[in-house]
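Residue numbering for the sequence shown follows this note's numbering, starting at 389 and increasing by one per position.
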Amino acid sequence: MVEIMVEIIVEILRVTIAIGSALAGILAILIWKKDKTRRVSALRLFIQLVSLIAVFLTLSILAQWPSLVLGVIVVATIVFGRFFCGWICPFGLYMDFITLLRKSSKMFYWNLSERVNKYLHKLRYMIVAAILILPFFFNPLDPEVWRSFMLFQSPFKPLIVFFLGPLEPLIMSWPGAVGFNGYSVSYPYIREIIAYSNGPFLTSLNVFLFIAFTVVSSFMVRRFWCRFCPTGVSIAIVNRFAPFKWAPVLHLNKVEEKCTKCGICKRVCSVQVTEVYDRKGGDVTTSMCMLCLRCVEMCPYEDCLKLNIAGKTFFKSRNWLEPAKSD
């Protein structure tokens, strides 16, 4: 009986997500026509919802090949930068929904100091570095240890799940903490917490504390987890090498002569990127930027900010303070 109920709930959730995605698409079109400062944001929300469905189906099919999923993310990051974080990541979508909830309650958010924000950004590199030195805590001279590490085999198997943590939908199609008929109720990083916790009480406590921490912190600080998420590690260092000079292909560009230092780009950024405001002009893309394009969308100066794809302008700021001639 319980299994049947879970199957019904899962099917209802699938239909709900599909209907919600369609409604979000309609809403995006309506907003696109009326509110110039919300066009891209509405479109991004629609793409995030569709991506959530795509991630759910992808993980259902590739549950036995998590290394392949991680490889796709790495390649996509090299080519497109942190576009994945801003437009596709399910955990990012959850945090954006929490932000919408905060806005509906008319509560103010906290801005971290620039120093703290940059420290959190550097923390992601420290986390990845700590993961990379794990083999040295075993037997670094044993080839089998390095083989297991490179292939994410035991005892390093949970590491790949750690990097894929943000992709986990709230309903997964593989066994997890609470599962029936191949479906599990989950939350990002919960499986890693379960894997590394000892005892049912400590496991439940750690799960509760993590969920409470991420929900409350995301409610108070925009996209809090994204500021130090190890999955979103920038490949800026890799790009310094000649073979990778072409990557990524997405770049934010700024025309210095059209910028009045109004500060809007800095205020609307969900992860408090300051380089778009601080730099004089040219390529202002940074490893902290998730390419959500909120700064381009809100910039009130025609052609001041642009998103270039392989050198071609794909989207640019416009003077939304005045009606366009085509409107």
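Cβ atoms here follow ideal geometry from the backbone N, Cα and C, with glycine treated the same way.
Could you tell me the alpha carbon to alpha carbon distance between residue i and residue j, rounded to whole angstroms?
{"i": "valine 566", "j": "serine 592", "result": "Residue confidence for valine 566 is low, a pLDDT of 48 falling below 50, so the modelled location carries little weight; the figure read from the coordinates is stated next. Near 12 Å, if we compare the C-alpha coordinates of serine 592 and valine 566."}
{"i": "alanine 430", "j": "leucine 511", "result": "31 Å"}
{"i": "valine 460", "j": "tryptophan 453", "result": "11 Å"}
{"i": "proline 576", "j": "valine 643", "result": "39 Å"}
{"i": "arginine 717", "j": "leucine 500", "result": "In the structure as shown, the chain starts at 389 and stops at 715, and residue 717 therefore has no counterpart that could be examined."}
{"i": "cysteine 647", "j": "leucine 695", "result": "16 Å"}
{"i": "valine 516", "j": "isoleucine 578", "result": "19 Å"}
{"i": "isoleucine 697", "j": "aspartate 484", "result": "25 Å"}
{"i": "lysine 506", "j": "methionine 514", "result": "13 Å"}
{"i": "isoleucine 486", "j": "lysine 654", "result": "21 Å"}
{"i": "valine 603", "j": "tryptophan 613", "result": "10 Å"}
{"i": "asparagine 586", "j": "isoleucine 435", "result": "39 Å"}
{"i": "proline 588", "j": "phenylalanine 550", "result": "20 Å"}
{"i": "histidine 639", "j": "methionine 678", "result": "11 Å"}
{"i": "valine 684", "j": "leucine 693", "result": "6 Å"}
{"i": "proline 557", "j": "isoleucine 449", "result": "14 Å"}
{"i": "isoleucine 466", "j": "threonine 673", "result": "14 Å"}
{"i": "alanine 518", "j": "isoleucine 652", "result": "37 Å"}
{"i": "threonine 701", "j": "serine 572", "result": "43 Å"}
{"i": "arginine 615", "j": "leucine 489", "result": "20 Å"}
{"i": "asparagine 641", "j": "glutamate 690", "result": "13 Å"}
{"i": "phenylalanine 537", "j": "glycine 474", "result": "30 Å"}
{"i": "proline 563", "j": "serine 574", "result": "Because proline 563 sits at a pLDDT of 47, beneath the cut-off of 50, its placement in the model cannot be relied upon, and the point is left open."}
{"i": "leucine 529", "j": "alanine 583", "result": "26 Å"}
{"i": "isoleucine 559", "j": "serine 605", "result": "23 Å"}
Compare the beta carbon distance of residue i and residue j with 8 Å and say whether it is the shorter of the two.
{"i": "threonine 425", "j": "methionine 686", "result": "yes"}
{"i": "isoleucine 548", "j": "leucine 456", "result": "no"}
{"i": "valine 463", "j": "leucine 555", "result": "no"}
{"i": "valine 659", "j": "arginine 682", "result": "no"}
{"i": "glycine 670", "j": "threonine 619", "result": "no"}
{"i": "phenylalanine 598", "j": "isoleucine 581", "result": "yes"}
{"i": "glycine 480", "j": "arginine 610", "result": "no"}
{"i": "cysteine 680", "j": "arginine 432", "result": "yes"}
{"i": "tryptophan 498", "j": "methionine 676", "result": "no"}
{"i": "proline 478", "j": "leucine 440", "result": "yes"}
{"i": "leucine 522", "j": "phenylalanine 496", "result": "no"}
Since residue i is in the beta strand (DSSP E), which residue starts that stretch and which ends it?
{"i": "isoleucine 697", "result": "693-697"}
{"i": "leucine 638", "result": "638-642"}
{"i": "lysine 704", "result": "700-704"}
The alpha helix (DSSP H) that contains residue i, what's its start and end?
{"i": "lysine 510", "result": "502-520"}
{"i": "phenylalanine 479", "result": "478-492"}
{"i": "tyrosine 584", "result": "578-584"}
{"i": "tyrosine 497", "result": "Taken as a continuous stretch (DSSP letters only), tyrosine 497 belongs to no alpha helix (DSSP H), as it is neither H nor E."}
{"i": "lysine 654", "result": "652-656"}
{"i": "tryptophan 475", "result": "471-475"}
{"i": "asparagine 594", "result": "588-608"}
{"i": "serine 455", "result": "454-468"}
{"i": "cysteine 683", "result": "682-686"}
{"i": "glutamate 663", "result": "663-666"}
Do residue i and the ligand GDP come close, with the Cβ less than 7 Å from some heavy atom?
{"i": "valine 656", "result": "This structure lacks the ligand GDP; in fact it carries no ligand of any kind."}
Take every Cβ of the segment 658-667, pair it with every Cβ of the segment 699-707, and state whether three or more of those distances are shorter than 8 Å. no
Using 8 Å as the threshold, is the segment 467-474 in touch with the segment 590-606, meaning 3 or more CB pairs across them? no
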